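Q: Below are the structure tokens for one structure; questions will follow.
Numbering (the working numbering), first residue to last: 385 to 613.
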């Protein structure tokens, strides 16, 4: 029985990580008792958000482009806008939230590859700042990390694997970083366990067979955020 249960309170720590349209990293500590939710503390950094992670990738590829082509594209707003869009997409949608590396492709401008480890290295200090926000929130709420029963992470940047790992290391609550599901009709993924679900956990999906009296079927299990395979 953990400290929260001894006190008769379920403690919920909510991490709100904004997408690139905002520049604020926010964390709130809440208690839930008999259906009543009380915000104990909120901490945030108005100078840290998803856009900062994108900027690190953009600057990295500006340097790569200059190294390869001996041209500086940092003064070209159109090129930077395209590169930023590609980097933000790679961070949230494509590779870096699911795979160990991904391609960055900008039409008629640039093609490159960035690994998850390189991305994490570029943003190592930002991950540290994110955790400082969480620690300050817990301190302001007068909570120890052992009192945390659950973690909820939302926002586009919550898909970043390193961020999930950092929070897990801090509060010792293990979460599922990627959604888990099974193939449904038409190669569509039916999500059984959404990402950021505290584990261990269990889920049930009801399915029907295609043929009458069918006694067995093959099931494909998928991991990730794309619903169409």
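Here a beta-carbon is modelled for each residue, glycine too, at the ideal position from N, C-alpha and C. None of the values given here were measured: they were computed from a predicted structure.
Let's test the definition: count the other Cβ atoms within 10 Å of the Cβ of residue 535 and tell me whether it reaches 16, buried, or not, exposed.
A: Buried, because 16 or more other Cβ atoms sit within 10 Å of the Cβ of residue 535.
Q: According to DSSP, is residue 522 helix, strand or coil?
A: The answer is helix: DSSP assigns residue 522 an H, G or I state.
Q: Can we count residue 452 as close to the ligand GTP, meaning its CB is less than 7 Å from some heavy atom?
A: In the structure shown, the ligand GTP is absent, as is every other ligand, since no ligand is present at all.
Q: Let me know the secondary structure DSSP gives residue 487 once reduced to three states.
A: DSSP places residue 487 in strand when its eight states are reduced to three.
Q: Identify which residue in 511, 452, 486, 433 has its Cα closest to the Cα of residue 539.
A: The option with the nearest alpha carbon to residue 539 is 433.
Q: Tell me where the beta strand (DSSP E) around residue 420 begins and ends.
A: It spans 420-429 - the beta strand (DSSP E) in which residue 420 sits, taken as one unbroken run.
Q: Quick one: is residue 601 buried, meaning 16 or more other Cβ sit within 10 Å of its Cβ, or exposed?
A: Exposed is the call here.
Q: Starting from residue 452, trace the alpha helix (DSSP H) in both directions and tell me its first and last residue.
A: Start and end: 434-453.
Q: Consult DSSP for residue 533 and reduce its assignment to one of helix, strand or coil.
A: Looking at residue 533 - three-state DSSP - the assignment turns out to be coil, as it is neither helix nor strand.
Q: What do you reckon, are the CB atoms on residue 577 and residue 564 nearer than 8 Å?
A: Cβ atoms of residue 577 and residue 564: closer than 8 Å.
Q: Once DSSP output is grouped into helix, strand and coil, what is the label at residue 473?
A: Looking at residue 473 - three-state DSSP - the assignment turns out to be helix.
Q: Count the other C-beta atoms from every protein chain shown that fall within 10 angstroms of the C-beta of residue 452, then say buried if there are 16 or more, exposed otherwise.
A: Exposed, by the Cβ-count rule.
Q: Just how far apart, CA to CA, sit residue 516 and residue 408?
A: Near 14 Å, if we compare the C-alpha coordinates of residue 408 and residue 516.
Q: Reducing DSSP to helix, strand and coil, say where residue 501 ends up.
A: It is helical.
Q: Apart from the five residues on each side of it in sequence, which residues of its chain come closer than 7 Å, Cβ to Cβ, to residue 484?
A: Result list for residue 484: 499, 500, in chain order.
Q: How many Å lie between residue 681 and residue 493 at the Cα?
A: The question about residue 681 has no answer, for the chain in this structure spans 385 to 613.
Q: On the criterion of 16 or more Cβ atoms from any shown chain inside 10 Å, does residue 490 qualify as buried, or is it exposed?
A: Answer is buried; the Cβ neighbour count reaches 16.
Q: If we ignore side chains and look at the alpha-carbon of each, how far apart do residue 503 and residue 441 end up?
A: About 7 Å.
Q: For the alpha helix (DSSP H) holding residue 554, just list the boundary residues, first then last.
A: 545-555 is the span of the alpha helix (DSSP H), which, as asked, contains residue 554.
Q: Starting from residue 415 and walking both ways along the beta strand (DSSP E), at which residues does that stretch end?
A: Segment 409-417, the beta strand (DSSP E) holding residue 415.
Q: To the nearest whole angstrom, what separates the beta carbons of residue 550 and residue 514, a pair I think is in contact under 8 Å?
A: Between residue 514 and residue 550 the Cβ distance is about 7 Å, and since that is below 8 Å, they are a contact.
Q: Check the DSSP bridge columns for residue 349 and list the partner residues they point to.
A: Beyond the ends of the chain as shown, which are 385 and 613, falls residue 349; an answer cannot be given.
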